[in-house]
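If you're matching them up, the sequences are chains A and B in order. Reminder that position 111 of the first sequence reads as 116 in the working numbering, one-by-one numbering, no gaps. Reminder that position 376 of the second sequence reads as 442 in the working numbering, one-by-one numbering, no gaps.
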Amino acid sequence: MKQLFSLDRSLPDEFFAQHDCRILHTLPASLSVPLSEVNARLREGICEHAAYMQLLLEQGLFDGVIVTTHCDQMRRCAAEQPRMFLLNLPRVERPSAALLRNLELTRLGHFLDALEPQAAPLPEPAREPGSGRIRLALLGSPMLFGIGSLTRFLANYDAFIALDLTENGNLCTLETHPFSRPNEPFYVTLTRTLQAQHIRGVILCRTTWCDQYRVMMAHLREVLPCPVTEWVLIPGADPIAEPRAQTRLGAFLESL
Amino acid sequence: MLRKVNLHEFDCFQKTLGVAENDQMLGALGRHFRTGDRRLNNILFHPSRASLQLWNFLMTEEERLAQARADGVKLVGTLKDLGTVPVIVYAFDSLRAFYPDGAWWLPCFKALTTDLFAVAEACGMGEGMCPVRAMLAAFETKRHFPIPELLISSTGAICDDFAAAAGRLHEMGYPVHFWEMPHVRSAEPYEESVVLPDGRRVPTAFVDLVEREFALIVEKCEALSHEKMTDGKLARSIADANAIRGTLNTLREKVYTAPRPKLPALEMLIAEMLIIHYCSDKDLCRKVLDDLLAEVEATPDEPGHDAKIYWVNPVADLRAMNMLEACGGMLCGTDFMFPQALMPISENKPPLRALAEVALCDVMCAPTAVRAEHVLRDVQRFGAKGVVCSRISGASHCAYEAYAIRKILTEQAIPLADIEIQSVCDSFESSMRTRIEALCEIIRGNEA
Chain A
6 MKQLFSLDRS LPDEFFAQHD CRILHTLPAS LSVPLSEVNA RLREGICEHA
56 AYMQLLLEQG LFDGVIVTTH CDQMRRCAAE QPRMFLLNLP RVERPSAALL
106 RNLELTRLGH FLDALEPQAA PLPEPAREPG SGRIRLALLG SPMLFGIGSL
156 TRFLANYDAF IALDLTENGN LCTLETHPFS RPNEPFYVTL TRTLQAQHIR
206 GVILCRTTWC DQYRVMMAHL REVLPCPVTE WVLIPGADPI AEPRAQTRLG
256 AFLESL
Chain B
67 MLRKVNLHEF DCFQKTLGVA ENDQMLGALG RHFRTGDRRL NNILFHPSRA
117 SLQLWNFLMT EEERLAQARA DGVKLVGTLK DLGTVPVIVY AFDSLRAFYP
167 DGAWWLPCFK ALTTDLFAVA EACGMGEGMC PVRAMLAAFE TKRHFPIPEL
217 LISSTGAICD DFAAAAGRLH EMGYPVHFWE MPHVRSAEPY EESVVLPDGR
267 RVPTAFVDLV EREFALIVEK CEALSHEKMT DGKLARSIAD ANAIRGTLNT
317 LREKVYTAPR PKLPALEMLI AEMLIIHYCS DKDLCRKVLD DLLAEVEATP
367 DEPGHDAKIY WVNPVADLRA MNMLEACGGM LCGTDFMFPQ ALMPISENKP
417 PLRALAEVAL CDVMCAPTAV RAEHVLRDVQ RFGAKGVVCS RISGASHCAY
467 EAYAIRKILT EQAIPLADIE IQSVCDSFES SMRTRIEALC EIIRGNEA
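Structure below.
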């Protein structure tokens, strides 16, 4: 079976299974990618996520990687990487754009069929369901290694992520994307979901150069029915180990 | 070296023309400096009537837009696509298109003396993002251009900063009609395909998609103008666009292939920028470009020893273009992000289809290698010996582009200087000059 990685979850895993592929959306904690290689790319202005996508292939950890056209970094990191598939995801939600999506699915099918299974099977990333009194939602950039370390940190404050709406979390369950244009349906659905799930606070996480999530912060503050805080993921390390992140999130949780 | 003058000298030159100081097309630029465009005092100008007219045309756009509105013309803000949607808008007699994105130059013109970036930060776009964030502030403060009746923005495979800015504008209560611009990849062997004007073969479905998106834009414009669009009107607008593009292309050819500069780099930047929406007046734009061309044609060829340099990306600080000549270089070709706006549009196809095909030639929506190859072709066409790739501070596409362009140029032994330019670059001037001077020395060394 071929082993794939994608931070995007807009396509069902069953689609990949039909093409004899297993797809992961978070990396196992045990996975080793040389941090020096990541940092070297960061110095060139390449974001952490794009750097990882390239390195996962270069290190032979996956047979293929799928990225989307939703951001500059992902769009450009696919260049000259024959085993990286760039999925053209339309932003407008019109029938004409749906045709583009169908075109891309056909192309993706051809790409998957042409891959050779070579990568050693990786373990399924561990999931650590949290619990606590304070229900939080997490929104924003994908969390490469999942939310395990965040869950452990939040437990100190009797809080947990009840709703993981990061890109490689369960954002796709909203059936609308924050990067769609216009994106009013996203905010309507998000607000309804937060209320239905009794969410007390929202954490918007983003990588350093993720402009699109960065700008979302202003509108989230305007429309959300609960407090929201911003968590900038410092590249190349366990994001919650960073003292500023702990201080910021700790203060947010205390205020809740 | 090409003669250039400062603002005071340029105003003295204007007096010799016997034209009123506040003439809209040939007035003294000092009047704009006195009303807040402070950066003009740090720029050097080409002392010619054609250049004076060019600068006046640029600096009076806001006045002309206000006058157009007073005359009953409806304003359409076209965002991001750079060159194509205005051709549709200008097919309507009662509509006028302009790019609010142009506000990215306001912090430079105002020499950072306004609160534009602070207001943009309050709107959600802070430091570390592309200077196009000044556009949000211009809308919020309503001080820099009339707020358009209709906003049309491309979306899809566009740069992150602009995707964020246009989205935020919509959220701030300025409704935007978005149209999908796909990431323009090559067609697969099994896909029905079409060849674009730039020679790339892409899926026919992409052209179908953009053509349908343009049909929706026509509907929006019809609703705004109460005017029925016809293929004939669109065809006339395309013919006008082709005529103006033709003049600009001739100007580029004559300036960039001359043995010594006939117009300064800065004036060429401004002249090229006019093409994306005619600086809000198609007829005047044609006259401005015709006069620049006449000026160039009247300048005799003389032997020159300036280093021939191709420039990639527009600069956030206009003064940076002056620096090229001060360092011993001459402009020899450009890619200011809109080669699609320089291409002739087919007049033998249904108009919206022809426009869709040209829109898809936008190198910013293509794989980075496509832009790099375009730069290389242009460098070879104009005979440039080196390249300046000017990064836009905070723009997330720049890192990859500079890398891809450097890679393809290195294979051809063409040197490249990669510099980042802020909205006011004075504090970086010495390091920028060092890098451009070094590039010029390498070029001269290679030629020796």
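For every residue, glycine included, the Cβ atom is placed at its ideal position computed from N, Cα and C. Fair warning: this is a prediction, and the values are worked out from it, not measured in the lab.
Taking each of 261(A), 102(A), 142(A), 181(A) in turn and checking the Cα distance to residue 208(A), the smallest one comes out for 142(A). Not flagged as an interface residue toward chain B: residue 175(A), since no C-beta distance is shorter than 8 Å.
The beta carbon of residue 105(B) is closer than 6 Å to those of 174, 175, 177 in its chain, skipping five residues each way along the sequence. The criterion of a C-beta distance shorter than 8 Å is not satisfied by residue 503(B) and residue 399(B).
Residue 506(B) and residue 323(B) have their C-alpha atoms some 17 Å from each other. Contact annotation: in the region 63-89 of chain A, residues whose CB is within less than 9 Å of a CB in chain B are 74, 75, 76, 77, 78, 80, 81, 82, 83, 84, 85. When C-alpha distances from residue 346(B) are compared across 152(B), 137(B), 170(B), 316(B), the shortest belongs to 152(B). Going by DSSP, residue 82(A) is part of the alpha helix (DSSP H) stretching over 77-82. With a 10 Å radius around the Cβ and a threshold of 16 neighbouring Cβ atoms, residue 256(B) comes out exposed. Only buried fits residue 146(B), as 16 or more other CB atoms lie within 10 angstroms of its CB. The shortest C-alpha to C-alpha distance from residue 33(A) to any of 182(A), 153(A), 181(A) is the one to 153(A).
Sorting 92(B), 108(B), 181(B) by C-alpha distance to the C-alpha of residue 169(B) places 181(B) at the top. In the three-state reduction of the DSSP assignment, residue 69(A) falls in the strand class.
Around the Cβ of residue 161(A), a 10 Å sphere holds fewer than 16 other Cβ atoms; the residue is exposed. With a contact defined as Cβ atoms closer than 8 Å, residue 192(A) and residue 146(A) miss out at about 18 Å.
Note that the C-beta distance between residue 353(B) and residue 306(B) is not below 8 Å. In summary, the residues of the region 215-235 of chain B whose CB is separated from some CB of chain A by less than 7 Å are 221, 222, 223, 225, 226, 227, 229, 230, 233, 234, in the order they occur in the chain.
Among the residues facing chain B, residue 24(A) is not included, as its CB has no counterpart in that chain under 8 Å away. Annotation for residue 320(B): the continuous alpha helix (DSSP H) segment containing it runs 297-322. A distance below 7 Å between beta-carbons, with the five flanking residues on each side excluded, links residue 424(B) to the following residues of its chain, in chain order: 150, 263, 406, 409, 411. In the displayed model, residue 109(A) falls within a helix according to three-state DSSP. Residue 400(B) sits in a strand when the DSSP states are folded into three classes. Residue-level contact check: residue 105(B) does not touch chain A, since none of the beta carbons of chain A fall below 8 Å from its beta carbon. Within the same chain, 273, 277 come within 7 Å of residue 419(B) by CB-CB distance, once the 5 residues on both sides are set aside. Between the alpha carbons of residue 159(B) and residue 501(B) lies a gap of roughly 48 Å. Residues of the region 476-494 of chain B with a C-beta less than 7 Å from any C-beta of chain A: none at all. For residue 236(A), there are no neighbours in chain B by C-beta distance under 7 Å, as the nearest C-beta there is about 16 Å away.
When DSSP states are grouped into helix, strand and coil, residue 476(B) belongs to the helix group.
Taking 4 residues as the minimum length, the alpha helix (DSSP H) runs contained wholly in the region 121-163 of chain A are 153-160, in order along the chain. Inclusion of residue 402(B) and residue 475(B) in the CB contact set at 8 Å is not warranted, their separation being larger than that value. The beta carbon of residue 59(A) does not come within 8 Å of any beta carbon belonging to chain B, so the residue lies off that interface.
The C-alpha of residue 77(A) is placed about 31 Å away from the C-alpha of residue 124(B).
In this structure residue 268(B) is in contact with residue 426(B), their Cβ atoms being roughly 6 Å apart against a cut-off of 8 Å. For residue 165(B), not one C-beta of chain A is nearer than 8 Å to its own C-beta. Non-local C-beta neighbours of residue 136(A) in its own chain, meaning closer than 6 Å and more than five positions away in sequence, comprise 165, ordered along the chain. Residue 429(B) has its alpha-carbon roughly 34 Å from the corresponding atom of residue 107(B).
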